[in-house]
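Visitor:
Protein chains: 2
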Amino acid sequence: MKLTSKGRYAVMALVDLARFDSINPVSLRDISLRQNISLDYLEQIFSKLKKNNIVKSIRGTQGGYILNKNPNDIKLTNIFYAVDEKVKTVQCKKESKKGCNGKATKCITHDLWDELENHINSFFKNKSLEDLIKNKKETRI
Amino acid sequence: MKLTSKGRYAVMALVDLARFDSINPVSLRDISLRQNISLDYLEQIFSKLKKNNIVKSIRGTQGGYILNKNPNDIKLTNIFYAVDEKVKTVQCKKESKKGCNGKATKCITHDLWDELENHINSFFKNKSLEDLIKNKKETRI
DNA sequence: CCATACCTGACTAAATTGGTCAAGTATAGA
DNA sequence: TCTATACTTGACCAATTTAGTCAGGTATGG
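Sequence order for the protein chains is R and L.
First residue of the first sequence: 126, per the numbering used here; consecutive thereafter.
First residue of the second sequence: 126, per the numbering used here; consecutive thereafter.
#1: On a Cα-Cα basis, can you pick out the residue from R/L192, R/K127 and R/V140 that is closest to R/L257?
#2: First and last residue of the alpha helix (DSSP H) that includes R/S157?
#3: Between L/R144, L/E242, L/F205 and L/K250, which has its C-alpha nearest R/F249's C-alpha?
#4: Is there a Cβ of chain R sitting closer than 9 Å to that of L/L257, yes or no?
#5: Which bits of chain L does R/T276 rub up against, with CB to CB less than 8 Å?
#6: Find the residues of chain L that neighbour R/I245, judging by a C-beta separation of less than 7 Å, and give them in chain order.
#7: Which value, in whole angstroms, describes the spacing of the CA atoms of R/Q187 and R/L237?
#8: Can you grab the Cα-Cα spacing for the pair R/N178 / L/D155, in whole Å?
#9: In chain R, which residues lie less than 7 Å from L/L241 when you measure between Cβ atoms?
#10: Any beta carbon from chain R within less than 9 Å of L/K219's own beta carbon?
#11: What residue does the alpha helix (DSSP H) around R/G132 start on, and which one ends it?
#12: Does the beta carbon of L/L167 come closer than 9 Å to any beta carbon on chain R?
#13: Pick from L/A207, L/N251, L/Y190 and L/D198: whose alpha carbon is nearest that of L/R133?
#14: Helix or strand or just coil, what does DSSP make of L/K231?
#15: Which of helix, strand or coil does DSSP assign to R/K175?
#16: Is it buried or exposed, R/K234, if we count other Cβ atoms within 10 angstroms and call 16 or more buried?
#17: Output, in chain order, the set of chain L residues within a Cβ distance shorter than 8 Å of R/K176.
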């Protein structure tokens, strides 16, 4: 099990954005430099974040992105969902006629993965962008 | 984030094994048939489980595998560790001189992934094979 | 001695990841 | 109006990982 870079970058970039977003939009170039993330890759990520109404864009010189919601209303769940980072513990979820073991029944450990998924998702649902910048203000990097 | 088949199969196979392991060893062929997992793949997995003292093998006709510990002492953590299923949320862990962003500092969300990792691992540490077969006896598949 | 079942290592097709590259479009400021 | 900045879109790709397969073993009970 692992979290991919896309999800990690999305969170990093949004934390960065939230910290510098005061009046002026923040350009991807700045985020790219500060966080050491490829600009081209950031563009892909922000395209998705925008489609999910997490950020909005301002074009042109001095343009950039700003948050489209209160940091407290942006949960990790929303971010991961936006960039297609799925907490799929197992394939059992597929809406096939068959069960997850190719037979008619549920696989022997099906309930376990359900439970695990809930466990992880509860973490993501409870953690907001606000929580993350709050911490950051304290450690003051 | 996803859990790979290897870890899932390992757990499924061990649950199967734990349920049929009374006096006689259980052959991989039987597990393969019941759980619909490739025999060749199972052999790879059990080789690792054996190296980690979770099961032991009995060769020859009527041979097979049996648990090497009390089901209550086999936690999901142990199983995943054995088959190299890692809960690595992020690469930040590498013991490189540099921080996780290529700079000298920790990345801006470093603590978050630490926290997440702990959250997930606590689930794995608390769940034993015993818990899983207990449930199975109840639902009686 | 042979069928069963464990054991080992090499190999591979397909998918995913983590990007790069190229060619735009919109807009603020000179 | 021109131009630099910065968002926008889509195609492409190398490297890695995954989920196995295949081909040979070796040990042992009957």
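The C-beta atom is built at its ideal place from N, Cα and C for all residues, glycine as well.
Guide: So, from the listed chains and residues:
#1: Considering only alpha carbons, the answer is R/V140.
#2: Note, R/S157: alpha helix (DSSP H), L153 to Q160.
#3: Of the candidates L/R144, L/E242, L/F205 and L/K250, the residue whose Cα lies closest to the Cα of R/F249 is L/E242.
#4: Answer yes: the Cβ-Cβ gap between L/L257 and chain R drops below 9 Å somewhere.
#5: This structure leaves residue 276 of chain R out entirely; chain R is present only between 126 and 266.
#6: In chain order, I245 make up the part of chain L whose C-beta sits under 7 Å from the C-beta of R/I245.
#7: Those two C-alpha atoms are separated by around 50 Å.
#8: Pairing R/N178 with L/D155, the inter-Cα distance amounts to about 51 Å.
#9: Neighbours of L/L241 on chain R, chain order: F248.
#10: Note that L/K219 scores 45 on pLDDT, short of 50, meaning its location in the model is unreliable; the coordinates nonetheless yield the value given after this. Not one chain R Cβ lies under 9 Å of L/K219.
#11: R/G132 -> alpha helix (DSSP H) spans S130 to F145.
#12: Chain R, which has no Cβ nearer than 9 Å to the Cβ of L/L167, makes this no.
#13: It is L/A207.
#14: L/K231 falls in the coil class under three-state DSSP.
#15: Looking at R/K175 - three-state DSSP - the assignment turns out to be helix.
#16: In the sequence under discussion, the amino acid at residue 234 of chain R is Thr, which differs from the Lys named in the question. Under the 10 Å beta carbon count, R/T234 is surrounded by 16 or more other beta carbons and is classified as buried.
#17: Residues of chain L with a Cβ closer than 8 Å to the Cβ of R/K176 do not exist; the shortest Cβ-Cβ separation is about 21 Å.
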